[in-house]
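Numbering of the sequence shown is given in our numbering, commencing with residue 418 and proceeding in unit increments. For glycine and all other residues, C-beta sits at the position ideal for the given N, C-alpha and C. Report on one structure; see the data block that follows.
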Amino acid sequence: MKVFTTGQVAKICKVAPRTVSKWFDSGRLKGYRIPGSQDRRIPRENLIKFLKEHGMPLGELEDETLAKVLIVAQDQVLIENVKRELPIEKAFRVAVASSGFDAGIQAESFHPDGIIVDFSIGRSEAVQICQNLRRNQEFSDIVLIALLPDDGNASYDRSYIDETFRKPFDSALLAERLRALVGSKKELV
Numbered sequence: 418m419k420v421f422t423t424g425q426v427a428k429i430c431k432v433a434p435r436t437v438s439k440w441f442d443s444g445r446l447k448g449y450r451i452p453g454s455q456d457r458r459i460p461r462e463n464l465i466k467f468l469k470e471h472g473m474p475l476g477e478l479e480d481e482t483l484a485k486v487l488i489v490a491q492d493q494v495l496i497e498n499v500k501r502e503l504p505i506e507k508a509f510r511v512a513v514a515s516s517g518f519d520a521g522i523q524a525e526s527f528h529p530d531g532i533i534v535d536f537s538i539g540r541s542e543a544v545q546i547c548q549n550l551r552r553n554q555e556f557s558d559i560v561l562i563a564l565l566p567d568d569g570n571a572s573y574d575r576s577y578i579d580e581t582f583r584k585p586f587d588s589a590l591l592a593e594r595l596r597a598l599v600g601s602k603k604e605l606v
């Protein structure tokens, strides 16, 4: 469990340390005092809850609390269905790419925790995306989910992919599986 000092919280919130002490002393910001000292400590979960309740930006905590997901697909209905199940309120930030080239650019700039690749963009292009991501050390631990067409043709190397879903699939189930896979690597709130 990660904890913060009042000084660290002040830096995150862009306020004076005395302001954080007042929040703590009034009971609005939950935490504990170090025994034998007046020093305060605020657990990460309590700080995030406080920031969300008061509509404050998460700042540097945002990357720790959100799972960034890149959807590589051209089917707008599929994209909207998946996006609806991965809302920011449930700790997801979503980006979309429509081609292998676009996926590479998005992966470099967005730094996703998970990538959903729709094989309907073209089997060879989808396989190439998966292989390129796994070969790149920077993206080797990304959760990779393939959306496969229901045509019975599954001749490709599955070692590049963490999970597969056959179309048609349940978007809510996909979102839950993605949350579980990413959540095992990152503390989602």
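C-beta atoms of residue i and residue j nearer than 8 angstroms
i	j	result
Gly476	Ile533	no
Phe421	Arg461	yes
Arg596	Glu580	no
Ile559	Asp530	yes
Arg457	Thr423	yes
Ile522	Cys547	no
Lys447	Asn463	yes
Ser588	Val499	yes
Ile459	Leu478	no
Arg583	Asp567	yes
Gln545	Gly517	yes
Beta strand (DSSP E) segment containing residue i, residue limits
i	result
Glu580	Glu580 to Arg583
Ala563	Val560 to Leu565
Phe421	Val420 to Thr422
Ile451	Unbroken run through Ile451: none, as it is neither H nor E.
Gly531	Gly531 to Asp535
Supposed close pair residue i, residue j - CB separation, criterion 8 angstroms
i	j	result
Leu503	Ala592	5 angstroms
Ala543	Ala563	7 angstroms
Leu483	Ala508	5 angstroms
Phe536	Leu565	5 angstroms
Leu550	Ala524	7 angstroms
For residue i, the residue or residues it bridges with in DSSP
i	result
Ala514	Val489
Phe509	Ala484
Arg501	Paired residue(s): none; Arg501 is not in a bridge.
Arg458	Thr422 and Tyr449
Residue i, enclosing alpha helix (DSSP H) - first and last residue
i	result
Val432	Where Val432 is concerned, there is no enclosing alpha helix (DSSP H), given that its DSSP letter is neither H nor E.
Ile546	Arg540 to Arg552
Gly600	Ser588 to Gly600
Ile465	Arg461 to Glu470
Any non-hydrogen atom of the ligand MG closer than 7 angstroms to residue i Cβ
i	result
Thr482	Among the components of this structure there are no ligands whatsoever, and the ligand MG is therefore not found.
**Message:** Under 8 angstroms, with one C-beta from each stretch per pair, do the segment 488-498 and the segment 436-443 reach the 3-pair mark?
**Reply:** In short, these stretches do not touch, since the Cβ pair count stays below three.
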